[in-house]
Amino acid sequence: MFQPVSNQVDFPAQERSVLEFWTRTNAFENLRALRKDAPQRWSFVDGPITANNPMGVHHAWGRTYKDLWCRYHAMKGAELRWQQGFDCQGLWVEVNVEKELGFTTKRDIENFGMANFIALCKQRVLNSAAQQTEQSVRLGYWMDWNNPAELRMLAKKIVENPNEIIELERGGEKVRGTVEQLVGKLGMPELGGSYFTFSDENNYMIWSFLKRCHERGWIYRGTDSIPWCGRCGTGISQHEIDTEGYKDRDDPAITIRFRIRSQAADPAVDWKSPEAQAAFDATPARFILAWTTTPWTLPANVMLAIGPKLRYAIVRQSHAASATRDGESAIYFLGAGVLKMLRGDYEVLGEIDGAQMVGWTYEGLFDELPAWIDANKRWADKHGFDAERIFEHCVIPWDEVGEAEGTGVVHIAPGCGPEDHKLGKEIGSPMVAPLGEDGHYLSGFGDLVGRHAHEVPDAVEAMLKQKGFFYRRETYRHRYAHCWRCSTPLVYRLVDEWYISMDELRHDMMRVTETINWVPSFGKERELDWLHNMHDWMISKKRYWGLALPIWEYPDGTFEVIGSHEELRTRAVEGWQEFEGHTPHRPWIDGVKIKHPVTGQIGVRVTDVGNPWLDAGIVGFSTMRFRADRAYWEKWFPGQFMTESFPGQFRNWFYAMIAMSTVLADVRPADTILGFATLVDEKGEPMHKSKGNSIEFNEAADKAGADAMRWAYARQEYDDNLRFGYNYLGECRRNLLIPLWNVYSFFVTYAVADGWQPGADAAILTPLDAWILARLQQTVNETDRALDAYQSRPAALAIERFVDDLSTWYVRRSRARFWGSEMTADKQAAYQTLHNVLTILCRTLAPFTPFIAEVMWQNITAGRTLQDAATESVHHQLFPESRALTAAEEALLRETEIARRVVNLGHSVRSQSKVKVRQPLAGARIVADAAARAVILAQRDILCDELNIKDITFAERAEELVSYKVLPDLKKLGKKLGQDLPRVRNGLAALDPAFVAAEVQAGRAITVDGIALAADEIIVQAQPRPGLVVAGEAGIVVALDTELTEELISEGLAREAVRRINDARKAASFDVSDRIETYYHATPRLATAIQLYENYVKNETLSVILQSGVPENASTSVDEFDGEGFTIVLIRIH
RNA sequence: GGGCGAUUAGCUCAGUUGGUUAGAGCAUCCCUCUGAUAAGGGGAAGGUCUCAAGUUCGAGUCUUGAAUCGCCCA
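In this text, residue positions in the first sequence follow our numbering: the first is 96, and each later residue adds one.
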């Protein structure tokens, strides 16, 4: 027997009961056991969520997909690994721990103690993982989760006493070790649960990967000018500056005049006039104008670059742009296309090709600074020059120089920018690197020493003014790279970092990328584009918490890469004892030293930590036992599926996964990669806590429920940003959950009342039953096909359409079949059909909305509530099987569509003629072709009932209802007639449409203006005759006989009375089956109608007595409608 | 600066090889059905298809240019 169901339901509360049910019944573990060693396996490779903060609603998007396909494939009978992971190492964790401690610089960390700091990083990860675990469970995400309480216990102890020996119990076995050691084993086979990228195996597996790269000669140390965050004290790799890294910023833009020291002896100048040339010759103060938005780089200026193909203007300004020597006349060189940069009046004396200026020399801005003198010494030393020799600042050609902004002259500081650095290397110029790790000036820069790069524009300006080099200053708004973790504006620094060379790997990775099924398909092009353009992969960071790069350097500058814990143990000559028993992290690993086997030199580990994408990219190997159990790895790798949000991941996780699987196995990481866009608020704005428009996951789950959220994600188009909010969630609830629940509650309510049980004799199904079953099969087919192709939206929309059909056609049309107290064969068929539909629908919906599917399934299959100790779950079932529809099913689907169209048209006519449906009408006249007529006849009863009419007739002559419009078939005639078309069109319009229609229907050609048109070149459209109240669509026209007889009016009134009485019953909270006594006062016409239809009214209202005259003192309900007055008193019979 | 994409109703988006009267959902308003419904149904209103030029008998659709907005890469 089914458990009674209310039609009002608190979905979030119900979901919490489902979660308890799953826990209590071990539903997830039972599923694992059921599918263990199944012949099929389906391997999902999880992209780790950063365990640093609570989970957000944007995470829930991807996690819904992950769970959707895991559940789907489990329901297809496959075995799964069910392991998801946490990303644990890297700067983002450090930044948050620093914030909590109030630290602002790296020195703070070192004073605090690196070991203490690392422990806090681990603690933060473990606590975040515990919280994210709880939130994921709340979402209905089935995975092999850790117990959050255990994670919190480890988090507590890892700070209090990481060396305490503890035991963790796993399946009756005890795993013993120090807290630190056990934390390092999380996710590994002995402990199970989620993987953590800080695990020992994850770190050592990366060592193994890096060693492999080193063996191929790809690891190198490079000096480059790279984006640098002064706050974090680390380089930011190209991979990390994604769109979020760029922000608008106002910077001072300074135009500098560089005093020319020597120019070519006889440059080819196009003088405006001989006077102009004379004026030039008479003016000794000559400058080249350059422009920069980064004044802090000026003390590092070495050269100026001009565009060799550009033209440069020679102008004279007599009053001074220069703030220092007012009144002095000066000559300026600048791009001929950017004269607007000049301030004040000027006179153009001539023009010169950029190529002519190459090699000119100029006076350095700050040649007296010790930094420049030192840079020259190093330069001379490197090139074997005399130590006194000084590099002359000069003009060099560079094709990239343009005139879009600035003066057409670019100031080159090889220590302060990547392009500058490249040019400096090509020329072999000195390099001046002004900034330290913290983004402040190093010594040798006079007054600037110790000041931050972004603080010094005023000081630089003053220095330039004092020397007469300043021309002008303005404010310039541009997009500038900021640190993606702490939002500090970046600077460029010349540093040593470690790289993996992409020269050889690039093409292998592109080949592997080609073999992946990218969803949406443009993903492949994006990834290839990135691979095509990307520079060498910078893998080092000068930080603390992360992968210890396994690179040991010797005093002579050579280095080695160590590939495993074991290898390090055999090679260690110092520090091993202190390290042993610790996870491979700083500071413990830093003390281990090795000895060069040949030279005997002692090698020391570089202190850098690794790029966190190494951590996330290796998980296809580290978590799948690549080193320990190759058979297991081969079983599960490559995976079938991985998914993440697109932005950033082409160069981050997707990239790292492809790189590592290419290097280690020359294979793709997964067959299919699904990417999706970004989650924004309902207005399309990015969600930010600071903006107040963000929605917390917990809040959304509490308010809207996880099923509604999951549905919102599932029905989303992958390429489009998801506009997430409560309106949209409400829409999801209204589109799916509420209609579904209503159907379910309707079914259960009546089945309980009737004592109906599944499994009774097979009943004879009506066409309506057969129709909904065919629709269901069609929906199963569509859903299965879409999910198989990793397309959630078409699947979700198919289900929405089905639920709508089920609710608004099948159940609505079947309601009367469930009424009455007898169990008729027809009722039996209706129960059986609806039960069947709901059972299969639960299994279809289970991967999408696991909560509601479980609740319904428990009740309708076994009459259980969530409090019962069931062992079965809908999630243990198999997904409904697809099969091709039979011809009869296809026909049924088409026919019902026609019938529903007739109903819509009928309602439309009633609405237009303002006759409400409750008023019966004599009949409808319909124009339809033979096929549609047959369908309408077959469904006559339903149509009459639905439209509240007595009969349906077909118009013998269509002209009774319609007129014809004849049109040329432009698609066919356009090409044939070309310019003659307008003439033919007009000619055709002038003919009698009825005549043309008749000819065309007879298949005869029509001649218009001397041109013959075949019958199939003319389109005949039937449309309602003007003046008639009819509605038409797709060849069917419906007219209603709206003439009311006294009899019809009476029937309408009786029906209205029934409705009023039933409303009153409802208002009085009577039960559906309560018998009543009904007393009334009615105006004469209504009273007559009630007497006329007495039995009908009694039946419909369950009135045992229906009597005119209202008892004294009874509480009455008074009504007025259609000009009639109606007063009633209802008394329930107990 | 280069590449890709977009611009259609108040909002979010469809719109097939160019074809006759440009659609849907949400929101608004009116009407209506209902003893499963928090639903459902009918209707109204809402459009210079970003702009300009071109090709064509015919352009939301094709071409060129402009503007604005995304995304990717420099």
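Where is the CB? At the ideal position from N, CA and C, for every residue including glycine.
Count the other C-beta atoms from every protein chain shown that fall within 10 angstroms of the C-beta of residue i, then say buried if there are 16 or more, exposed otherwise.
i: N822; result: exposed
i: L167; result: First, the residue type needs correcting, since residue 167 is Tyr and not Leu in the sequence shown. Buried, because 16 or more other Cβ atoms sit within 10 Å of the Cβ of Y167.
i: P975; result: buried
i: A1162; result: exposed
i: L1032; result: exposed
i: T939; result: buried
i: A723; result: exposed
i: D814; result: exposed
i: A1241; result: Because the chain here runs from 96 to 1229, residue 1241 falls outside it and cannot be looked at.
i: L126; result: buried
i: F1090; result: exposed
i: L1065; result: exposed
i: L973; result: exposed
Could you tell me the distance, in whole angstroms, from the CA atom of residue i to the CA atom of residue j?
i: I321; j: T329; result: 10 Å
i: G770; j: T318; result: 35 Å
i: W914; j: Y1191; result: 15 Å
i: I447; j: A408; result: 6 Å
i: E791; j: L774; result: 13 Å
i: A1134; j: T738; result: 55 Å
i: A795; j: M804; result: 8 Å
i: R995; j: I1037; result: 10 Å
i: L1074; j: Y885; result: In the sequence on display, residue 1074 carries Gln and not Leu. One C-alpha to the other measures close to 49 Å.
i: H535; j: V586; result: 10 Å
i: V1167; j: M918; result: 18 Å
i: V544; j: G235; result: 57 Å
i: F293; j: K217; result: 8 Å
i: A475; j: K520; result: 14 Å
Kindly indicate which three-state DSSP category residue i falls into: helix, strand or coil?
i: T653; result: coil
i: W914; result: coil
i: C489; result: strand
i: E1138; result: coil
i: K269; result: strand
i: P322; result: strand
i: D1217; result: coil
i: K131; result: coil
i: S413; result: coil
i: W731; result: helix
i: W467; result: helix
i: R1154; result: helix
i: G151; result: strand
i: Q1202; result: strand
i: R381; result: strand
i: W117; result: helix
Which residues does DSSP list as the beta-bridge partners of residue i?
i: E174; result: R136
i: W647; result: E655, R700
i: A408; result: L429, E446
i: P1063; result: I1113
i: M737; result: I768
i: D591; result: T318
i: N612; result: T767
i: V1103; result: I1106
i: A754; result: DSSP output for A754 lists no bridge partner at all.
Please return the same chain residues whose Cβ sits closer than 8 Å to the Cβ of residue i, not counting the five positions on each side in sequence.
i: T570; result: D345, D346, P347, A348
CB-CB under 6 Å to residue i, same chain, minus the five flanking residues each way: which ones, in chain order?
i: W593; result: R316, I634, S635
i: R588; result: W323, L530
Is it the case that the CB of residue i approaches a heavy atom of the ligand SAH more closely than 7 Å?
i: V1167; result: As presented, the structure is devoid of all ligands, the ligand SAH included, so that no description of it is given.
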